[in-house]
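Only one structure is covered here, and it is reproduced in the block below.
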Amino acid sequence: MRLHKTVGAIRMHALIGAVFVVACGEPAQEPANTSTGQASMTSAPSVTVTEIEDLGVRNGTILADNLLAAGQVTELQFEELVDMGYTNFISLRPTSENGAGWEETHVVDDDVMFTRIPVAGAGGLTRENVMALNEILEEAEASSENTVLYCASSNRVGGLLALKAYWLDGIAPDDALEIGRQAGLTGLESAVQELLSQPR
Numbered sequence: 125m126r127l128h129k130t131v132g133a134i135r136m137h138a139l140i141g142a143v144f145v146v147a148c149g150e151p152a153q154e155p156a157n158t159s160t161g162q163a164s165m166t167s168a169p170s171v172t173v174t175e176i177e178d179l180g181v182r183n184g185t186i187l188a189d190n191l192l193a194a195g196q197v198t199e200l201q202f203e204e205l206v207d208m209g210y211t212n213f214i215s216l217r218p219t220s221e222n223g224a225g226w227e228e229t230h231v232v233d234d235d236v237m238f239t240r241i242p243v244a245g246a247g248g249l250t251r252e253n254v255m256a257l258n259e260i261l262e263e264a265e266a267s268s269e270n271t272v273l274y275c276a277s278s279n280r281v282g283g284l285l286a287l288k289a290y291w292l293d294g295i296a297p298d299d300a301l302e303i304g305r306q307a308g309l310t311g312l313e314s315a316v317q318e319l320l321s322q323p324r
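Numbered per my numbering, the sequence shown spans residues 125 to 324.
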């Protein structure tokens with residue numbers, strides 16, 4: 125059975141799924157150019173931005189064939205995304221936030237994986253959290269799984285992806301910042317810029 129994780133908190137059982145959904149709350153965008161450094165997984169679902177919008181997923185952005193960034197999903201949206209081929213879900217919200225915390229007990233399908241990496245504002249923009257996210261994304265890529273990565277508005281999603289691009293992928297600061305913006309980075313941009321200005 126796959127591991128159901130809460131990074132820095134609870135660990136529960138559930139099978140790893142296939143999709144990264146990034147959810148934090150930015151407006152839906154067209155798929156980003158994969159030349160920015162986002163890895164592409166192989167068995168990606170044939171999902172369009174319009175289909176994600178039709179589900180009512182907040183600020184859904186298809187960053188790569190295998191990676192969806194978004195704001196907080198509902199239980200029904202969670203199930204509908206699984207039906208569409210997304211089976212790996214990552215939340216960047218602490219369970220104490222309004223509307224978060226139900227996922228740990230909601231995942232009952234053995235083919236679905238849920239992981240929580242609590243990112244509490246700018247203080248959560250740490251190398252530890254970026255490394256935790258990178259590990260999960262690499263595992264999903266190796267398994268050809270599709271992922272939904274989300275927070276309240278996708279702001280934190282963009283922040284961690286920008287820092288991952290800079291710290292781990294060797295992307296230039298300006299390009300890393302653009303990756304973050306495409307993923308929903310807004311309110312945390314100044315904090316991310318400060319980190320991007322520092323040596324790796």
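Using N, Cα and C, we set each Cβ at its ideal position, and we do this for glycine too.
- Task: Determine the extent of the alpha helix (DSSP H) in which ALA193 is found, giving its start and end residues.
- Result: In the DSSP assignment, ALA193 falls outside any alpha helix (DSSP H) and lies within the beta strand (DSSP E) extending over 191-194.
- Could you check which residue in TYR274, ALA266, VAL197 has the C-alpha nearest to that of ALA307? Looking only at TYR274, ALA266, VAL197, the smallest Cα-Cα distance to ALA307 is reached by TYR274.
- Task: Just the C-alpha distance for LEU312 and MET208, rounded to the nearest angstrom, thanks.
- Result: LEU312 and MET208 have their alpha carbons spaced roughly 31 Å apart.
- Task: Select from PRO242, GLU228, GLU175 the residue whose C-alpha is nearest the C-alpha of VAL281.
- Result: Comparing Cα positions, the closest option is PRO242.
- Task: Could I get the ranges of all uninterrupted alpha helix (DSSP H) runs contained in the stretch 224-287, with 4 residues as the minimum, in chain order?
- Result: Scanning the stretch 224-287 for uninterrupted alpha helix (DSSP H) segments of 4 residues or longer gives 227-230, 251-266, listed from N- to C-terminal end.
- What separation, rounded to the nearest whole angstrom, lies between the Cα atoms of GLU263 and ALA289? Cα to Cα, the separation comes out at about 17 Å.
- Message: Assuming VAL254 and LEU292 are in contact, meaning their beta carbons sit under 8 Å apart, how far apart are those beta carbons, in whole angstroms?
- Response: Indeed, because the Cβ distance is near 7 Å, the residues count as touching under 8 Å.
- Task: Would you grab the beta carbon distance between LEU320 and ALA286 for me? Rounded to a whole angstrom, and I think it's under 8 Å.
- Result: Yes, they are in contact, since the Cβ atoms of LEU320 and ALA286 sit about 7 Å apart, within 8 Å.
- Query: With burial defined as no fewer than 16 other Cβ atoms inside 10 Å of the residue's Cβ, what is the status of LEU200: buried or exposed?
  - Reply: Exposed.
- Message: Suppose the cutoff is 8 Å on Cβ atoms and the five residues either side in sequence are ignored; what does the same chain contact list for LEU301 look like?
- Response: Taken in chain order, the residues that qualify are ALA286, LEU309, GLU313, VAL316, GLN317, LEU320.
- Message: Please report the distance separating the alpha-carbon of ALA194 from that of PRO218.
- Response: Rounded to the nearest whole angstrom, the C-alpha separation of ALA194 and PRO218 is 16 Å.
- Task: Would you tell me roughly how many angstroms separate the C-alpha atoms of LEU205 and THR211, rounded to the nearest one?
- Result: C-alpha separation (whole angstroms): 8 Å.
- LEU319: first and last residue of the uninterrupted beta strand (DSSP E) it sits in: It is not in any beta strand (DSSP E) - LEU319 instead sits in the alpha helix (DSSP H) that spans 313-320.
- Task: Look at the alpha carbon of ARG305 and the alpha carbon of GLU269, and state the distance between them as a whole number of angstroms.
- Result: Straight through space, the alpha carbons of GLU269 and ARG305 are spaced by roughly 24 Å.
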